[in-house]
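For the record, the sequence lines run as chains U and A. Position 103 of the first sequence, counted from 1, bears residue number 86 in the numbering used here, the numbering being contiguous throughout. One rule links them: number in the numbering used here = place in the second sequence (from 1) + 57. Yeah, the Cβ is synthetic: ideal placement off N, Cα and C, and Gly gets one too.
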Amino acid sequence: MSKSEVDAGDGVHPGKPVIVDRYTVAARINHWITAISLVLLALSGLALFTPALYFLTGLFGGGQLTRIIHPWIGVVLFLSFMGLFFRFFRLNLWERTDSVWMGRLRDVLANEENKLPEVGKYNAGQKMVFWSMSLFILVLITSGVVIWDQYFGNYFTIEQKRIAVLIHSATAIVAICVWIVHVYAAIWVRGTIGAMTRGKVTGGWAWRHHRRWLKDLVTGKN
Amino acid sequence: MFTPVPNPTTNPVAAKFGQQDLIRRSASSVTPPAKRQTEVAKLIDVSKCIGCKACQVACLEWNNLTEEVGVNVGVYDNPHDLTANTWTLMRYTEYENAESGNLEWLIRKDGCMHCEDPGCLKACPAPGAIVQYSNGIVDFDHDKCIGCGYCIKGCPFNIPRISQVDQKAYKCSLCSDRLAVGQGPACAKACPTQAIVFGTKDEMKQWADHRIKDLKSRGFKNAGLYDPPGVSGTHVMYVLQHADKPQIYAGLPNNPSISPLVEVWKGVTKYVGLAAIGAFAAFGFLHHAVAGANRVTAEDEKNAERLTEGRR
C-alpha cells in the first residue's frame, strides 16, 4: 500500500461544488513571505547583474541600498524557505509514477491529463520545482555569503569570491527560470491560485489534477 | 636625471582632461573622443628605491588620508597591506640571489597599475563609478560607487580596498586631479632618488631602456621593463632587476590578466542568462496561446461530488 497523500490541515467539504482545503494559513503566510522575498531578490539581483537593468536599483533607493538590502532579503528567503521545505518535503518525495508522468510531458502540456497516472498532492512537475528550488536556494545562500563583503569579506580569498559570484549569478538565472515555470503553471492550470490565497480548491480541480490526493482525503487514509 | 615636471604656475589653468576624454565608463557606454590624449605613465625603478616611504607619505598628504596606527610585526611593510587609506605601499622583500650570492633588498612600491584593459572597470555594475581617460588613467567616482566589491574581483593585481567607514572602493587615482592641471603625481614629486618618474608613456619606455642598459652593465642580465601585455600594458610600469621573475617582488604577478571567471561572469553568463529568462517567459506566452488554459470541467466537479457523496 502506498503512503497517504494527505497532509495535516487538508480536508474535504462535500457540497456543490465540493471544497477541498489544500494549504493551512501558516503554510500560505510562509509561502508568501518566500514569494515576496524571491521577487525582491530577483529584482535587486538582476539590477546588479547587468547594466541594462541597473535602473531597478531605483526600486530599492539606489545602488548602495540595493547592495545593502539584497543579502538581508536573502537571509529572510533562506529561513522562510526552510519552513516551506520541512512543511512540504514528505509529499514531494519522488515516486515511480512521477517518472511516468514526466515521461508523458507532451500530454501534460496538451492538457490531456486523462492519459496520465493519478497524481497525489503534488505532481512530478511540482516536485521538480520543489527540489530544484531547495538545491538552488542552498547554493545561493552559500555562494552569497562568500560575496557578502561587508561582513564576510575577510574570510575568503579573491579567487574564491570570483568562483562564488559566477556560481551565484548562474544559479540565480536558473532559479528565476524555474520561478517562471512555477508562476506560469499556476496561471495556466485555472483554479490553482486559490490554493495559495484562500487555501481552498474545488473538488473538480482536485479530481482533475490530484485525484489520488482527493481519494485519500475522501477515504480518510492517513 | 629625468627632467621632473616643473612647479605649477600660480595662475589658474583649465583642466587638461575631463568627461569628454573618457574611453571607458563602467556599466555604460561612452562615445570615445576622436583624438586620444597622449598616454601618460609612471615609471617605478625598483633598483633605485631606497625604501624611505616618502611616496607613501606624499600620497596620504596630497589625498588628505590618515592611516590608523598599526602594530609592528617585525617587517618594514607599514601598514601591512594596502587599505582604503593607503593607496600605495612599499613592499620589502629580502631576496637571496643564488647566482651572485648577494642578499638583495627588493623594495616595490605597490598600488594601482592603471591597466589599459582594466578588470575593475569591466566588473563594476554601477554606471560611471569607474572611468578610464584617454591618457590612460583609471579613476573611481565615489559618488557613484555602491560598495559591492566587484572591482576587487575584477582586478588582477589585488589593489582596490573597500572602506569600512563608507563602504566604498578606494585606490590610487594617479593623482588625476594634479595631472589635470599639469602636475605630476604626488609620489613622484616626493621621491628623492627618482625611483619614481612621470611622463608620457613613450618617454617612460625610453627612460626605462636607458635604466635597463645601465642595470645590465652592472651584471643584472635579466633587467627589464614590467608593462604586462596580459592587460594590454599598464600606465604604471616597473623597472625590475630580475624581470624574468616578477613574482619575487612581493608577489607581483608574472603574467597578469583579467580572470577568465570574471570574463565568463561579465560576458557569456549575462547574455545567455537574459536570453534564458526571456525564452522561458516566451514559452509561457506561446504555450498559453497554443494550448490554452487548463480548466476544470463541470464533469470534474460532478465526479468529485459523486466521490464525496459515496463517503456519506
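Please identify, using Cβ separations under 9 Å, the residues of the segment 351 to 365 of chain A that lie next to chain U, in order along the chain. Those would be 351, 352, 353, 354, 355, 356, 357, 358, 359, 360, 361, 362, 364, 365, in chain order.
When you check each C-beta in the segment 303 to 330 of chain A against every C-beta of chain U, which residues fall closer than 7 Å? Residues 316, 318, 319, 321, 322, 326, 327, 330.
Exposed or buried, residue -16(U), counting other C-beta atoms within 10 Å across all chains shown (16 or more means buried)? Since pLDDT at residue -16(U) reaches only 45, below the 50 mark, its modelled position is unreliable, and the value read off the structure follows with that caveat. Under this definition residue -16(U) is an exposed residue.
Residues near residue 184(A) in its chain [Cβ-Cβ closer than 8 Å; skip 5 each side]: Hits under 8 Å: 82, 83, 84, 85, 201.
Buried or exposed (CB count within 10 angstroms, at least 16 for buried), residue 293(A): Residue 293(A) comes out buried.
Does the CB of residue 94(U) have a neighbour CB from chain A at under 8 Å? Residue 94(U) counts as touching chain A.
Pairing CB atoms from the segment 294 to 303 of chain A with CB atoms from the segment 320 to 331 of chain A, are three or more of them under 8 Å? In short, these stretches do not touch, since the Cβ pair count stays below three.
Cutting at 8 Å between CB atoms, please list the residues of its own chain near residue 180(U), excluding the five before and the five after it. Counting only Cβ-Cβ distances below 8 Å, and skipping sequence neighbours, we find 11.
Compare the Cα-Cα distances from residue 316(A) to each of 176(A), 228(A), 241(A) and report the closest residue. That would be 176(A), whose Cα lies nearest to the Cα of residue 316(A).
In terms of residues, what are the limits of the alpha helix (DSSP H) holding residue 131(A)? Residue 131(A) -> no alpha helix (DSSP H), and no H or E assigned at all.
Distance check for residue 137(A) and residue 306(A), CA to CA, integer angstroms please. Each residue's Cα considered, the two are about 15 Å apart.
Just by C-beta distance, which residues in the segment 137 to 153 of chain U are closer than 8 Å to chain A? Answer set for the segment 137 to 153 of chain U: 141, 142, 144, 145, 146, 148, 149, 152, 153.
Residue -5(U): buried (16+ other C-beta within 10 angstroms of its C-beta) or exposed? With 16 or more Cβ atoms within 10 Å of its Cβ, residue -5(U) is classed as buried.
If you pair each beta-carbon of the segment 132 to 150 of chain A with each one of the segment 251 to 268 of chain A, do three or more pairs fall below 8 Å? Proximity of the segment 132 to 150 of chain A to the segment 251 to 268 of chain A falls short of the contact definition, fewer than three beta-carbon pairs being nearer than 8 Å.
Which runs of the alpha helix (DSSP H), 4 residues or longer, sit entirely within the segment 332 to 363 of chain A? Here no run is fully enclosed.
Would you grab the beta carbon distance between residue 218(A) and residue 141(A) for me? Rounded to a whole angstrom, and I think it's under 8 Å. Here residue 218(A) really is in contact with residue 141(A); their C-beta atoms are around 5 Å apart, less than 8 Å.
Please check the pair residue 405(A) and residue 124(A), which I expect to be a contact at CB under 8 Å, by giving their CB distance rounded to whole angstroms. In the structure as shown, chain A starts at 58 and stops at 369, and residue 405(A) therefore has no counterpart that could be examined.
Closer than 9 Å between beta carbons: that is the criterion. Which residues of the segment 26 to 59 of chain U meet it against chain A? Those residues of the segment 26 to 59 of chain U placed with their C-beta closer than 9 Å to a C-beta in chain A are 29, 30, 31, 32, 33, 34, 35, 36, 37, 40, 45, 46, 47, 48, 49, 50, 51, ordered along the chain.
How big is the Cα-Cα spacing for residue 221(A) and residue 199(A)? Going from the Cα of residue 221(A) to the Cα of residue 199(A) covers about 14 Å.
Expressed to the nearest angstrom, what Euclidean distance is found between the alpha-carbon atoms of residue 6(U) and residue 131(U)? So the alpha carbons of these two residues sit roughly 35 Å apart.
Mind reading off the beta-carbon distance from residue 238(A) to residue 65(A)? Whole number of angstroms is fine, and I expect it under 8 Å. With a contact defined as Cβ atoms closer than 8 Å, residue 238(A) and residue 65(A) qualify at about 6 Å.
How close, in whole Å, do the beta carbons of residue 126(A) and residue 236(A) come, if the pair is a contact with beta carbons under 8 Å? In fact, because the Cβ distance is near 31 Å, the residues do not count as touching under 8 Å.
Quick check on residue 369(A): buried or exposed, where buried means 16 or more other Cβ atoms within 10 Å of its Cβ? Residue confidence is low: residue 369(A) scores 49 on pLDDT, short of 50, so the model does not pin down where it sits. Its coordinate-derived value is still stated next. The residue in question, residue 369(A), is exposed, as its Cβ has fewer than 16 Cβ neighbours within 10 Å.
Where residue 89(U) sits in the DSSP three-state scheme: Of the three classes helix, strand and coil, the one that applies to residue 89(U) here is helix, per DSSP.
May I ask you to report which of helix, strand or coil DSSP gives residue 5(U)? Of the three classes helix, strand and coil, the one that applies to residue 5(U) here is coil, per DSSP.
Return the chain-ordered ranges of every alpha helix (DSSP H) run that is complete within the segment 216 to 240 of chain A and spans a minimum of 4 residues. Scanning the segment 216 to 240 of chain A for uninterrupted alpha helix (DSSP H) segments of 4 residues or longer gives 233 to 236, listed from N- to C-terminal end.
Looking only at its chain, what residues have a beta carbon closer than 8 Å to the beta carbon of residue 213(A), apart from the 5 residues adjacent to it on each side? Excluding residues within five positions, the ones whose Cβ falls inside 8 Å are 172, 176, 287, 288, 310, 313, 314, 315, 316.
Around the C-beta of residue 70(A), are 16 or more other C-beta atoms found within 10 angstroms, so that it is buried, or is it exposed? Classification of residue 70(A): exposed, given that the 10 Å Cβ count is below 16.
Taking only beta-carbon atoms, is residue 181(U) less than 8 Å away from chain A? Answer no: the Cβ-Cβ gap between residue 181(U) and chain A never drops below 8 Å.
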